[in-house]
Amino acid sequence: MGRIPDDMVNQLREGTPIEDLIGEYIPLRKAGSAFKALCPFHDEKTPSFNVNPRMGIFKCFGCGAGGDAIKFLMQHEGMSFREALDILANRQGVDLSRYETEVGDAPGPSAREKNQEVNLFAARFYWSALRGGDGNRARSYLKERGISQEALDTFRVGFAPARWDALCQAARPKGFSPRDLVEAGLAIQREDGSGYYDRFRDRVMFPILGAEGPTVGFGGRSLPDSDARHATAKYVNSPDTPSFKKGRVLYGFHQGREAIRSERRVLVTEGYFDVIALWQNGIRNAVAPLGTALTAGHLRALRAHADEIVFVFDSDKAGQAASERAGDMAGRLMGLAGAPDRLVAGDVLRENFIDRKGLGAVRLKVMDLPDGEDVDDVLRAGGVDLIRSLLDKAEGLLEHTVNAAIGGLVPGAGQADKLSAIRSLLPVLGASHQSVREQYFTLLEDRLGIPYPTLDSSVRRMLAENAREAPRRDSMAPQLLGGRVERSRLEMDAARMLLSRPALAARGAVTDSMFLDSAIREIIGAMISAEAKGVRLHPSDLSDRMTDPSAAALVLELAAAEAPYEDIEAEFSDCMSRLHERLRRRREESILKELEEVRRTEGEDSPAARRLLEKKNALLHERQKDAAAR
Ligand SMILES: [Zn+2]
172 MGRIPDDMVN QLREGTPIED LIGEYIPLRK AGSAFKALCP FHDEKTPSFN
222 VNPRMGIFKC FGCGAGGDAI KFLMQHEGMS FREALDILAN RQGVDLSRYE
272 TEVGDAPGPS AREKNQEVNL FAARFYWSAL RGGDGNRARS YLKERGISQE
322 ALDTFRVGFA PARWDALCQA ARPKGFSPRD LVEAGLAIQR EDGSGYYDRF
372 RDRVMFPILG AEGPTVGFGG RSLPDSDARH ATAKYVNSPD TPSFKKGRVL
422 YGFHQGREAI RSERRVLVTE GYFDVIALWQ NGIRNAVAPL GTALTAGHLR
472 ALRAHADEIV FVFDSDKAGQ AASERAGDMA GRLMGLAGAP DRLVAGDVLR
522 ENFIDRKGLG AVRLKVMDLP DGEDVDDVLR AGGVDLIRSL LDKAEGLLEH
572 TVNAAIGGLV PGAGQADKLS AIRSLLPVLG ASHQSVREQY FTLLEDRLGI
622 PYPTLDSSVR RMLAENAREA PRRDSMAPQL LGGRVERSRL EMDAARMLLS
672 RPALAARGAV TDSMFLDSAI REIIGAMISA EAKGVRLHPS DLSDRMTDPS
722 AAALVLELAA AEAPYEDIEA EFSDCMSRLH ERLRRRREES ILKELEEVRR
772 TEGEDSPAAR RLLEKKNALL HERQKDAAAR
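All residue numbers for the sequence shown refer to our numbering, where the first residue is 172 and numbers rise by one.
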């Protein structure tokens, strides 16, 4: 067994169209010969995330994230280098098992792989506990809740026994230390340091799968008759670990991905049981966030697969709060709207289309459950037909948000009451793009009979008051890496052409000393020496070799902005001669300066002055000869 050779890495990288790979995680829009998207690594309203298929590079000009397909998987999915390579290899039917698991020096599994092994072991342990003698109470609880055997198997539901160290004990003979369990979030160290105990006890266990399939964490629900020492909370989730980020993972997403993609619609429910109950009733495109908070990361992940996101919320208080949060989030998403001409059209407004600068539109809807009922109640009362009819009646989020805000108004309420009801919409309105705010105003004008200009000025005033009361948090201004520095266009052009066609570096016409910008000089120098050795560096590898971080960022920026040239040879030699010319002019300038200095200190006719004058004339002569040749 040896490490994976660079050739193999290159082959895997080149065999994977980067736009296909990234397109599976976020929606991409074609822009010339490249693709654009809203960056998945930072919140933004206009797309600054670029994918350049020719160079095999992604780069965000907002936050600076960038690299090749492997880097994308590592950064977006939190994978190790080897795990990302395995994904590429699987797509191309290449078998990497004859190579060491870790490329380079680290023998043995990465922390992430260890986590996965531990989680897999735990999932099996909980699985058999549910099906064994320990699981009697849990089995009857699940039966009571009407969960079918098929659903239990599909979702790999298990049970954590009502003991302090059931998992810790079972793990030891399998070679997992208590520390391994702690790192996977499955065990907790006692405060006095005397030992470890299981995090999940006397709970029904729901393994949470990452998008790619492996178990990344767990959710546990206590039994109705659980001992208070074990039932610390009704629901307990694994803490975030390197492979488990609750803000990114959705329960049921892995199982539902196919159905979501084929129906282009996803139901966002509140919990494990909702997802499972819907699933066993044939509705297989439901997911749930872990806990109640829905993040922008979740919505970003979903809109890559669905055109319609339906929030299914209980009508109780917690559900209401979740819905408000979703509304807040939606306001931010709607703030991404960039095509007001499409958005203000009335019918589009009713449909709650959210156009994201041509990135496709997603409809956000809210499905209200009858008062005091949850998904399970509705399914019991009216089966899947009732769910489907409620789904048909789901309101657009915009309308729903407005209705929720003004629903409490008594008939004949005065303008002051109406305006104060609008106050609850302020978070959404404040976060929304002007064009979305206009949609709200149109809707409110229609519902409340308050003239649009009054709404506009009142809301502006309220927002201003709010801003004074609570100073806005920093708007997370994205950091610009290489882009801030003023760089020479000419040098940038030359570097971009070299990246586009590295063979140009072998011409000899180009040397790194022609470049004054130290970052560009480092890039060019590395390219020339690689080319001299016959090594063709992928821009991502080139970037990794840079010692200057701004050079590393610049490589990716240049590669992302690369576009096909009409006649790169001609453009490159033109660029070279301009660089030469610039170099010569600078030399002339410095000689003139020196000459001036020497004349002042040593006299007009000193030997040093004469030597410099000769040098200057030689340069002038050279320039004239070149100009004549052109
Ligand atoms: Zn970004």
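Glycine included, every Cβ here is placed at the ideal spot set by N, Cα and C.
How should residue i be labelled, buried or exposed, when 16 other C-beta atoms within 10 angstroms of its C-beta is the threshold for buried?
i    : result
S646 : Interpretation of S646 is limited by its pLDDT of 31, a score under 50 that renders its predicted location unreliable; no figure is taken from the coordinates.
A575 : buried
G390 : buried
S409 : buried
P540 : Checking the sequence shown, residue 540 turns out to be Leu, not Pro. Under this definition L540 is a buried residue.
S714 : buried
A703 : exposed
H792 : exposed
E441 : buried
L380 : buried
E733 : buried
K589 : buried
L670 : buried
Y623 : exposed
S748 : exposed
R608 : buried
R707 : exposed
A789 : exposed
E760 : exposed
F484 : buried
E429 : exposed
In chain order, what residues of the same chain lie with their CB nearer than 6 Å to the CB of residue i, ignoring the 5 residues before and after it?
i    : result
N181 : none
I699 : A676
L614 : V573
R757 : none
L259 : L183 and T187
D683 : R692, I695 and G696
Enumerate in chain order the residues of its own chain whose CB-to-CB distance from residue i is below 7 Å, with the five nearest sequence positions on each side excluded.
i    : result
L766 : A780, L783, L784 and K787
L132 : The first residue shown for the chain is 172 and the last is 801, placing residue 132 beyond what the model contains.
G186 : Q263
G654 : The pLDDT assigned to G654 is 35, lower than 50, so where the model puts this residue is not dependable; a value taken from the coordinates is nonetheless given after this. Only F232 and E728 meet the Cβ criterion.
V769 : S777, A779, A780 and L783
L580 : D588, K589 and A592
A294 : R327, G329, P378 and T386
V150 : Only positions 172 to 801 of the chain appear in this structure, which leaves residue 150 out of reach.
Given a cut-off of 8 Å on the beta-carbon distance, is the pair residue i and residue j in contact?
i    : j    : result
P349 : Q287 : no
V437 : I431 : yes
V546 : A448 : yes
K230 : E728 : yes
R618 : G567 : no
L634 : L597 : yes
S204 : P735 : yes
F482 : V537 : yes
D398 : R435 : no
A457 : G427 : yes
A382 : F424 : yes
L192 : V289 : no
G329 : T412 : no
A731 : N221 : yes
A331 : D363 : no
A459 : Y406 : no
A300 : H401 : no
V375 : F415 : no
L550 : N452 : yes
W335 : D305 : no
P313 : L323 : Position check: residue 313 holds Leu in this sequence, whereas Pro was assumed. Cβ atoms of L313 and L323: closer than 8 Å.
I197 : P211 : yes
L626 : E636 : no
Using a Cβ-Cβ cut-off of 8 Å (strictly less than) and excluding sequence neighbours within five positions of residue i, which residues of its own chain qualify?
i    : result
H709 : N181, R184, G227 and D239
D719 : S689, A690 and E693
L256 : I175, V180, L183, I241, L267 and V274
I480 : R436, V437, V439, L470, L473, R474, V533, R534, L535 and K536
Legend entry - Stretch pair the stretch 225-238 + the stretch 723-739: three plus CB contacts closer than 8 Å: yes
Legend entry - Ordered list of beta strand (DSSP E) runs contained in the stretch 273-337, each at least 3 residues: 329-331
Inset, instruction - Would you list the residues whose beta-carbon is nearer than 6 Å to any heavy atom of ligand 3, in the order they occur in the chain? - result: This structure lacks ligand 3; the ligands present are ligand 1.
Legend entry - Three or more C-beta pairs below 8 Å linking the stretch 734-754 and the stretch 243-252: no
Inset, instruction - Scan the stretch 358-399 and note each continuous beta strand (DSSP E) run of 3 residues or more that stays entirely inside, going in chain order. - result: Positions of the beta strand (DSSP E) runs, each at least 3 residues long and wholly inside the stretch 358-399, are given as 358-360, 367-369, 374-380 and 386-393 in order along the chain.
Inset, instruction - Inspect the CB distances between the stretch 303-323 and the stretch 338-348 and report whether three or more fall short of 8 Å. - result: no
Legend entry - Segments assigned alpha helix (DSSP H), at least 4 residues, entirely inside the stretch 187-211: You should have 189-194.
Inset, instruction - Write down every uninterrupted run of the beta strand (DSSP E) in the stretch 204-257 whose length is 3 residues or greater and which is fully enclosed by it, in chain order. - result: You should have 205-208, 220-223 and 228-231.
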